[in-house]
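Protein sequence lines, in the order shown, are assigned to chains E and V. Going letter by letter, the first sequence gives residues -11 to 317 in this note's numbering. Going letter by letter, the second sequence gives residues -11 to 317 in this note's numbering. For every residue, glycine included, the Cβ atom is placed at its ideal position computed from N, Cα and C. Source: prediction; values computed, not measured. Right, one structure below, let's go through it.
Protein chains: 2
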Amino acid sequence: MAATIKDVARLAGVSQSSVSRTLAAPDQVRADTRARVERAVAQLGYEPNRIARGLSTGRTGTIGFLVPDIANPFFPGIVKAAQRRSREFGLAVLLADSDEDPATETDLIRTLTKQVDGFVLCAPRAGDDDLRSVCGDVPVVLLNRRVGQLPSIIFDNADGIRQALAHLAALGHRRVAYVAGPRTSWVNRERLRAVRTGAAGLGLDLFEPGNVSPDLEGGVAVADLVLAASVTAVVAYNDMIGLGLLSRFNARGVTVPGDVSIVGFDDIPASALVSPALTTVSQPKDQCGRAGIDLLADLLNDRDRPGGTRVCLPTRLIVRGSTGPAPRP
Amino acid sequence: MAATIKDVARLAGVSQSSVSRTLAAPDQVRADTRARVERAVAQLGYEPNRIARGLSTGRTGTIGFLVPDIANPFFPGIVKAAQRRSREFGLAVLLADSDEDPATETDLIRTLTKQVDGFVLCAPRAGDDDLRSVCGDVPVVLLNRRVGQLPSIIFDNADGIRQALAHLAALGHRRVAYVAGPRTSWVNRERLRAVRTGAAGLGLDLFEPGNVSPDLEGGVAVADLVLAASVTAVVAYNDMIGLGLLSRFNARGVTVPGDVSIVGFDDIPASALVSPALTTVSQPKDQCGRAGIDLLADLLNDRDRPGGTRVCLPTRLIVRGSTGPAPRP
DNA sequence: ACAAGATCTGGAACCGCTTCCAGCAATCGT
DNA sequence: ACGATTGCTGGAAGCGGTTCCAGATCTTGT
């Protein structure tokens, strides 16, 4: 059995209180008491039981990290960074995967809420109101989603889209398609809006084949529609759709970027591996995960943040092989 | 503030004990008492505080799930399945990422060990003895690793390799390379052994360029060595190495599978997306994650398992575009 | 050297729940 | 109808910490 605070107290010849204090507020105990306690702690290899501590302090030293789908290549990078940062704060991470289902999501939050000090909700699928009601009970940081004034870390989707469109325009493209993701996705709405204003600003002719599921199949399914619309370039809601387009174009003998250019969004690992490699908008995922934990940690210690509680991270266009000059008509 | 057991007891007009019993062992309380408690529970929306329960029962309802690198595409699928299964058991999952470092790994296990009921260690990097010592304190299930008689779920690496070599032999390949992964990896040792016996059995000439890191760079770095050895096919320790080989071959104008065939191992998502798509040995990852939780749950309830505590899951060769008939000399 | 103040310490209550134990009521056998 | 089981229930003692409070000890100023 592991040593308890009582064992330490007995060995050191002091009271439990003193042991507790030595650990929590060393400057409140006399040097020699502290020394004896520390010796006893070392000798017994004592480490406070976090569960017990949690019961009396109401703080568990654990945070909940919720993702819609950990198997989606967009998320592991964020989780990893968050994980690493949490460890630096001595926080453990309770991972929850909602399987893209809003009901499961709120359910998970509800059941986990008493075991954690706070939540990081990564691209939550639940509605604004549900999210707001959750945040009443426990500190929450939103990642890749913004709801009112709630603390959040987002990427500069609009600027990413702007860069992508400017890149295409510079290559001589005049008519481009935007393949939208799920209608209910906050990020999709952001990107869609940016595409519309961006296209208008650059004088681009915009074709919108509608919303598809944000995976390979979605891209494959919409590819022929895009082709029939005689665009010379297509911007995809995300890389998976972009890869689906690429795959279907290849299959139909449409050359990329000779006949049509493709730009994705997210810079998932696979995008660099296909050929031609996918031009895409990259987001600092590790920074996002890290900043999410930083923000939550500040919230937990109700520290004020100089930068405010709503962070926007820059995006960057990565030009690879899938974009090239527009073909001559 | 959330309702406590006291509130429920007061409202129902019974003692705390009865409330507790109603929840834990309903058949030990009289029907009408139970009914009153249940009504009070419903009315207050009471849910027992797991922390408090954990303190008195010594069980937290949480399991630790440790991976070497969640950003490695091999793991998210397993984590996801494990996650889903845990939820069915009412278990929460504490995720830990060791960053491929054995010391971090044992450290994580040690610090988390008092917050969890048990661990699932996914492809642990620590040495056998460290692992054994951990398992003394807390129930542990090993995934993709076997250490003595410890409970474990592994894939049938040997059979996967056998299938891959048989496939190549059938295509007329006579001289093949095996690009080994990290020397310290248990899985690598398994696969290497299987390659040697398999090649001998099939009368294949085996070239071993040595160990490389199990990522894209590893594959790229070793590609020229493989080529210089005039093999017609190469089996890679894993898909990332396989993709690295493919990429370098492409760059050098070596056609795949015209000049040389490539077989990977793991069937990560990207392998299906590249062209030619990578022939690879697939492992039932979701089954693995699920079985890991099942096994741990049995251990936690010290149930006896009919199947024993060491499970071996089948592997399956997925033939794609990267393998073809051996070129005529 | 002594009172006032500051510093340190131990006792005890408490966090929310489980579980042992004793007691009481209802049931049973004869 | 009576004692012996059996079935339920409430009280209370933990689980392992933290923290408030009162009292003991040590400084300090004079």
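Is there a Cβ of chain V sitting closer than 8 Å to that of residue i, yes or no?
| i | result |
| --- | --- |
| R38/E | yes |
| S263/E | yes |
| K132/E | Residue 132/E is actually Asn in this sequence, not Lys. No, no contact with chain V. |
| Q31/E | no |
| Q71/E | yes |
| L233/E | no |
| T268/E | no |
| L54/E | no |
| T48/E | yes |
| A(-3)/E | no |
| A258/E | yes |
| K(-6)/E | no |
| A(-10)/E | yes |
Under a three-way DSSP split, which group does residue i fall into?
| i | result |
| --- | --- |
| A211/V | helix |
| L305/E | strand |
| A216/V | helix |
| T48/E | coil |
| N176/E | helix |
| D227/V | helix |
| I281/V | helix |
| R134/V | coil |
| T185/V | helix |
| D290/V | coil |
| D255/E | coil |
| T319/E | Residue 319/E is absent from the model: chain E starts at -11 and stops at 317. |
| G78/V | coil |
Which whole-angstrom value is the C-beta distance of residue i and residue j, which I expect to be below 8 Å?
| i | j | result |
| --- | --- | --- |
| G207/V | R236/V | 7 Å |
| A314/V | G78/V | Not really, about 54 Å apart at Cβ, beyond 8 Å. |
| A319/V | D274/V | The structure shown does not extend to residue 319/V, since chain V is modelled only from -11 to 317, so the question has no answer here. |
| I51/V | G106/V | 5 Å |
| S3/V | A(-3)/V | 6 Å |
| L305/V | Q103/V | Incorrect: roughly 41 Å between the Cβ atoms, too far for contact. |
| W174/E | R120/E | The Cβ separation is near 14 Å, so there is no contact. |
Between the options, which has its C-alpha nearest residue i's C-alpha?
| i | options | result |
| --- | --- | --- |
| V214/V | M228/V, V244/V, L233/V and G42/V | L233/V |
| F62/E | A111/E, A279/E and D247/E | A111/E |
| D193/E | V219/E, L261/E, E35/E and V17/E | V219/E |
| L231/E | P245/V, K273/V, P257/V and I(-7)/V | P257/V |
| V307/V | A165/V, G191/V, G295/V and G148/V | G148/V |
| C300/V | L284/V, R75/V and P272/V | P272/V |
| N37/V | P36/E, E35/E and A40/E | A40/E |
| D(-5)/E | R18/E, V17/E and Y34/E | Y34/E |
| G46/E | T101/E, S8/E, V67/E and T10/E | T101/E |
| L190/E | L284/E, R163/E and A19/E | R163/E |
| V29/V | D117/V, T267/V and A0/V | A0/V |
| L156/V | Q31/V, A224/V and G296/V | A224/V |
Express the C-alpha separation of residue j and residue i in angstroms, rounding to a whole number.
| i | j | result |
| --- | --- | --- |
| D169/E | L131/V | One detail in the question is off: residue 169/E reads as Gly in this sequence, not Asp. Between G169/E and L131/V, the C-alpha separation is close to 36 Å. |
| F253/V | N60/V | 14 Å |
| A188/E | G198/E | 18 Å |
| G65/V | V251/E | 27 Å |
| L287/V | P127/V | 7 Å |
| R293/V | I281/V | 13 Å |
| R316/E | P245/E | 13 Å |
| P202/V | D87/V | 14 Å |
| L138/E | L96/E | 20 Å |
| V242/V | D85/E | 42 Å |
| Y166/E | N226/E | 10 Å |
| L54/V | T48/E | 20 Å |
| T185/V | A154/V | 12 Å |
| V248/V | V210/E | 35 Å |
| L83/E | I(-7)/V | 28 Å |
| S8/V | G296/V | 35 Å |
Return no unless some Cβ of chain E is closer than 8 Å to the Cβ of residue i.
| i | result |
| --- | --- |
| D85/V | yes |
| I58/V | yes |
| L81/V | The question names Leu, but residue 81/V is Val in the sequence shown. Answer yes: the Cβ-Cβ gap between V81/V and chain E drops below 8 Å somewhere. |
| A146/V | no |
| G42/V | yes |
| Q4/V | no |
| P245/V | no |
| Q103/V | yes |
| L156/V | no |
Using only the heavy atoms of the ligand ZN, determine whether one of them is closer than 7 Å to the beta carbon of residue i.
| i | result |
| --- | --- |
| D20/V | With respect to the ligand ZN, the structure offers nothing, as it holds no ligand at all. |
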